[in-house]
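*Asks:* If you scroll down you'll find the structure; I have some questions about it.
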Amino acid sequence: MTGGPVHEALAELDLVDHHCHGVVLDPLDRPAFEALLTEGDRWPGVSPFDTPAGVAVRRHCAPLLDLERHAPADVYLARRAELGPREVNRRFLTAARTGVFCVDTGFAPHRVTTPAELAGAAGARRPAVAHEVVRLEAVAEDVAARGVEPDGYADAFRAAALDAVRRPGVVAVKSVAAYRTGFDLDPARPTDAEVTRAARRWRADGGRLADPVLVRHLLWTAVDLGLPLQLHTGFGDNDIRLHRVDPSRLTDWLHLTAGTIPVMLLHCWPYQRQAAYLAAVFEQVYLDVGLTLHHVGPPRARAVLEEALEITPFRKLLYSSDAYGVAEFYGLGALAFRRGLGDLLQDRVDADELSLPDALRLARWAGADNARRVYRLPDGH
Amino acid sequence: MTGGPVHEALAELDLVDHHCHGVVLDPLDRPAFEALLTEGDRWPGVSPFDTPAGVAVRRHCAPLLDLERHAPADVYLARRAELGPREVNRRFLTAARTGVFCVDTGFAPHRVTTPAELAGAAGARRPAVAHEVVRLEAVAEDVAARGVEPDGYADAFRAAALDAVRRPGVVAVKSVAAYRTGFDLDPARPTDAEVTRAARRWRADGGRLADPVLVRHLLWTAVDLGLPLQLHTGFGDNDIRLHRVDPSRLTDWLHLTAGTIPVMLLHCWPYQRQAAYLAAVFEQVYLDVGLTLHHVGPPRARAVLEEALEITPFRKLLYSSDAYGVAEFYGLGALAFRRGLGDLLQDRVDADELSLPDALRLARWAGADNARRVYRLPDGH
Amino acid sequence: MTGGPVHEALAELDLVDHHCHGVVLDPLDRPAFEALLTEGDRWPGVSPFDTPAGVAVRRHCAPLLDLERHAPADVYLARRAELGPREVNRRFLTAARTGVFCVDTGFAPHRVTTPAELAGAAGARRPAVAHEVVRLEAVAEDVAARGVEPDGYADAFRAAALDAVRRPGVVAVKSVAAYRTGFDLDPARPTDAEVTRAARRWRADGGRLADPVLVRHLLWTAVDLGLPLQLHTGFGDNDIRLHRVDPSRLTDWLHLTAGTIPVMLLHCWPYQRQAAYLAAVFEQVYLDVGLTLHHVGPPRARAVLEEALEITPFRKLLYSSDAYGVAEFYGLGALAFRRGLGDLLQDRVDADELSLPDALRLARWAGADNARRVYRLPDGH
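Chains as they are written, first to last, in UniProt numbering: chain A, 1 to 381; chain B, 1 to 381; chain C, 1 to 381.
The following block contains the structure:
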């Protein structure tokens, strides 16, 4: 089902995409495109096009490239190459009808758009706006790369993080603690001595930030910074240990940090119900099912949203695409969200379980206003 | 879908609500009412009415107060105040068409009905009956408050528990071990010496019963008492660590206690499938999805019941409201159960996956007879 | 919904059942039949017929015995006895339209068919073919029963396993590590000294193979053997600790063994989403929802498949019945799979979310070709 007033309202609404990344600026050949299509990898005999996300791209993105629905992968890629990245990006980004992007700038293995470039390519009826999300692990790793002394690490990291969040346009910080340690952490703020010892180990061992003490310190530094903290939870690539990133494992830390910063649980799948529980019982907790929606595709977006909303207060669900790299995912994320939420709400209206004015309000909240409220964005930005 | 013979049979059936609490006797202003509407709290800008449960109250409870469906929260509360608690309670409790209540009397931060008062307010076509469920943590904490010596704690607790369950009308005991320690407990019965040491620590530290040895001791005392044991599992307020209350963590203890007492898994969400597994492989395990049903509301009650029944033997599912405080939840829990189970069964009949006589039998079992059987309730009581 | 071209294609397709067991050769009285109908047990007052699987047998299997749909259990069993095991087995096995069986021969508490006998009873339009799956725990326990010295255990087990997999018709090995230790294992290959010490403990203690070091050693021996490894995950009888058999707990081991053998996650429920995640991010991981499908029955098979396929690459889902003992489960597993997958795919075609040629290809892949590819089965075998 895709008709009705709730769908119309969602189609008209400029979304706030509270967590996304840049889009690749260079042409993508088949291996490069397929690698961006999956959280896995390219494997012999298992094309990333033969996944729910790949099927959704051929179905929903092909027409935006003037192709038939379900166009074969080869045809799709040939047309994509013919149009060139600039035009392809423009088409999918404008189709997403996103008014505001909050861009995590800390992950960019490719040459990707800046937040301003992303917004520039996306403007449709009116110009889109971009804000920045500072990835704290990147800040910490920059500090370490500069060669700070272990006993100066805590101060240097805090100072660098403060500098980073004071840049114009920064609205939030983000942590990928999920990838580094998972959430079975001692919830307490580490002491200075513990941090120094851990920084010493890190200097000796090198590598990315993955020490449990330093990850805890990072999360507590986020509390000090005062901005909303976006946390990767659940689904990701195979660097995740899925059972360790169930967000309910954050409960002790959420108790200790109650009354401080908003905590934005990203992705969540397959723990969307656990995330819903946290959003229902902790004032500071919010959630989205970004990344998930374009990977499961429109046929399952509603089912995931139904679980995510089972007990979630309607002020607590946000929209994100978590798109990275291929512009298709900005369009597909927005489509799956609009259709999934629209079907969910319109069916409740049709069954008289929800009034139409309430449904329209909840759609605006989830699609834009909840993010505006948490990130204190100006109206229309 | 809400029609058909299964729905009619469920509408006619007097439910056995095998786990609920008292209803508040005093008038409730908006803050007090909203606080009872959520497992979270009242937060600025996030009304508990803007949740699935709040939407369900405005939709399904407003008409019972002579209001339009989807009445605004202010109108709802004004009318509620106008009618007064006695009349409001009567309306919702009679609408629930519950014939038997098994009332957990160990949780009552407000002034609430006794079991007899609850049944008195609920009688519709014929008088309702109330039984009592003894919360063992409350018994243990009373014993401790009386100042027992540590080496006398085990005997004193057992004696007090025996006294409590010998009171007329007591049909079960309950534990909130989920809130105190979670289920990652050594499954073995603790020795006398261990209990004495733990009781000594508890006397020194004070506070509520939360020592893992004493919680284990409490669960094993329940085995000695011989009555069915109700266990909170899954969803609750933020005092829960959700990942530690997955009921499958009870497996070792269920092996050790096989052949003794029935174990009633309450709530279960989001672990209803794990609970179903236990009910399918352990003779003594039963389950309900109480509390969950009114929090997810009618639009999702069926989905939760579908998962709860995926492999559960039909003799093992029970009904509970787990309502506390506001009379709305007795009505809403019963409505969500009747409609959700009715839709599930009627659709299977319509698809010829289930015969109508079987469907009617399974509806009676889940709504009343399974509870009568486990708690050995007389017919009609 | 059960019509349409996808259902027709699945009805015509000879399935590859990549994991099943033998069917009992002797007549079964009611207690024996009921015991095989459940992963639980026979309990007073709780008939295994009063479960989703039991209802499905009365609905879908009764007509194959010339009875009315929903025939009472007594009538069903009487007719079953009248026809005799040979005829009953023939009817259900031919109804399953399975072209290839991969038979785990390591679990047979009853007198059951050999793989060849199973295939012989199953041939319908053309002869069915059987391959063998070697259960490694059985091999290890045979080695131990022969009285090997602890420091010779590793070599003796490897030699015995090599002998076993070199038998004609062996296409895979299997482990029930899930039952013995769960998946919270040190992922590293144990040293020779560790294995010897563990083998010494095992010789002293006796019993089945359940030492964590020896279970790890078994899994690493499977890597050396080079054949696909089938792993029981999720749902089983009460010997499982469900929370310890979430397949995502295998992640570290999957990293260490990447690039070696295919790993086939069996059953998975209720962790089908976790299994889907692993299949999406590890090249070597595949999954099925066998055993689950006949226990949840046709009314829920689609829902389980929808979750299992939420992000799974379409090359990664396989069919298995995991049937054991009663021939009904071969028929019911095949029916639930064909109908569940058929409904899922046909609805996506009808909603224009999937092209019909793609749907037909995905059906063939899941029903047969994915298994042929992984197990390197000749076409038509």
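Even for Gly, the Cβ is constructed at its ideal location relative to N, Cα and C.
PRO262(C) versus chain A: which residues are under 9 Å apart at the beta carbon?
*Replies:* Going along chain A, no residue has its Cβ under 9 Å from PRO262(C), so there is no contact; the nearest lies around 11 Å.
*Asks:* Hey, VAL349(B) and LEU341(B): beta-carbon distance below 9 Å or not?
*Replies:* no
*Asks:* Does the beta-carbon distance from ARG249(C) to ASP184(C) come in below 9 Å?
*Replies:* yes
*Asks:* Could you tell me the distance, in whole angstroms, from the CA atom of ARG300(C) to the CA atom of TRP269(C)?
*Replies:* Approximately 12 Å, taken between the alpha carbons.
*Asks:* Could you name each continuous beta strand (DSSP E) segment of 3 residues or more that falls completely within the stretch 280–351 of chain B, going from the start of the chain to the end?
*Replies:* 285–287
*Asks:* Quick one: is PRO52(B) buried, meaning 16 or more other Cβ sit within 10 Å of its Cβ, or exposed?
*Replies:* buried
*Asks:* Nearest to PRO63(A) by alpha carbon, out of ARG80(A), VAL374(A) and ALA144(A)?
*Replies:* ARG80(A)
*Asks:* Identify the continuous beta strand (DSSP E) that holds THR94(B) and give its terminal residues.
*Replies:* THR94(B) -> not in any beta strand (DSSP E); alpha helix (DSSP H) instead, spanning 85–95.
*Asks:* Can you find a CB in chain E that lies within less than 9 Å of the CB of GLU132(B)?
*Replies:* Absent from the structure: chain E. Protein chains present are A, B and C.
*Asks:* Are HIS7(C) and GLN346(C) closer than 9 Å when you measure CB to CB?
*Replies:* yes
*Asks:* Strictly under 9 Å for the Cβ-Cβ distance: is TYR277(A) near chain B by that measure?
*Replies:* yes
*Asks:* Compute the Euclidean distance between the alpha carbons of ALA172(C) and LEU242(A), then round it to the nearest angstrom.
*Replies:* 27 Å
*Asks:* Could you tell me which uninterrupted alpha helix (DSSP H) segments, each at least 4 residues in length, are contained entirely in the stretch 189–249 of chain B, listed from first to last along the chain?
*Replies:* For the alpha helix (DSSP H) assignment, the uninterrupted runs of no fewer than 4 residues enclosed by the stretch 189–249 of chain B are, from N- to C-terminal side, 192–205 and 212–225.
*Asks:* Could you tell me which residues DSSP puts in a beta bridge with TRP253(C)?
*Replies:* TRP253(C) is not bridged to any residue.
*Asks:* Please determine if the stretch 281–296 of chain C and the stretch 282–294 of chain B are in contact, where contact requires at least 3 C-beta pairs separated by less than 8 Å.
*Replies:* no
*Asks:* Can you confirm whether ALA177(C), when its beta carbon is compared against all beta carbons of chain B, has any partner nearer than 9 Å?
*Replies:* no
*Asks:* With respect to the alpha helix (DSSP H) encompassing LEU162(A), which residues constitute its N-terminal and C-terminal limits?
*Replies:* 153–165
*Asks:* Please report the straight-line C-alpha distance between LEU118(C) and THR312(B), rounded to a whole angstrom.
*Replies:* 30 Å
*Asks:* Within the 9 Å Cβ cut-off, does PRO313(B) reach chain C?
*Replies:* yes
*Asks:* Could you list which residues in chain C have their beta carbon closer than 8 Å to that of THR51(A), in chain order?
*Replies:* ALA280, ILE311, THR312, PRO313 and PHE314
*Asks:* Quick check on the burial criterion: 16 or more other C-beta atoms within 10 angstroms. Buried or exposed for GLU68(A)?
*Replies:* exposed
*Asks:* Taking the alpha-carbon positions, what's the GLU306(B) to PRO150(B) distance?
*Replies:* 47 Å
*Asks:* What's the call for GLY367(A), buried or exposed, on a 16-neighbour Cβ count within 10 Å?
*Replies:* buried
*Asks:* According to DSSP, GLU132(C) sits in a beta bridge with which residue or residues?
*Replies:* VAL103(C) and VAL170(C)
*Asks:* Apart from the five residues just before and just after VAL170(A), which ones in its own chain have a Cβ nearer than 8 Å to its Cβ?
*Replies:* HIS131, GLU132, VAL133, VAL134, ALA164 and LEU227
*Asks:* When Cβ atoms are compared, which residues of the stretch 345–360 of chain B fall closer than 7 Å to chain C?
*Replies:* ARG348, ASP352, GLU353, LEU354, SER355 and ASP358
*Asks:* Is there a C-beta anywhere in chain C that falls below 9 Å from the one on SER248(B)?
*Replies:* yes
*Asks:* Report all residues from its chain with a CB closer than 6 Å to the CB of ASP104(B); omit the five preceding and five following residues, and keep chain order.
*Replies:* HIS21, VAL133, ARG135 and LYS174
*Asks:* Quick check on ARG111(A): buried or exposed, where buried means 16 or more other Cβ atoms within 10 Å of its Cβ?
*Replies:* The residue in question, ARG111(A), is exposed, as its Cβ has fewer than 16 Cβ neighbours within 10 Å.
*Asks:* State the start and end residues of the unbroken alpha helix (DSSP H) segment that holds TRP6(C).
*Replies:* Looking at the sequence itself, residue 6(C) is Val, so the reference to Trp does not match. Residues 5–12.
*Asks:* On the DSSP bridge assignment, give the partners of HIS267(B) in chain order.
*Replies:* THR233(B)
*Asks:* Less than 9 Å between the C-beta atoms of ALA128(A) and ASN89(A), yes or no?
*Replies:* no
*Asks:* Between the Cα of TYR179(A) and the Cα atoms of ILE240(A), ALA140(A), ARG30(A) and LEU318(A), which residue gives the shortest distance?
*Replies:* ILE240(A)
*Asks:* Under DSSP, the alpha helix (DSSP H) around ASP358(A) begins and ends at which residues?
*Replies:* 356–364
*Asks:* Check whether the stretch 313–328 of chain B touches the stretch 30–46 of chain B, counting contact only when three or more Cβ pairs, one atom from each stretch, lie closer than 8 Å.
*Replies:* yes
*Asks:* At a cut of 8 Å, does the stretch 259–266 of chain C reach the stretch 215–232 of chain C through at least three beta carbon pairs?
*Replies:* With a cut-off of 8 Å on Cβ pairs, the stretch 259–266 of chain C is in contact with the stretch 215–232 of chain C, counting three or more such pairs.
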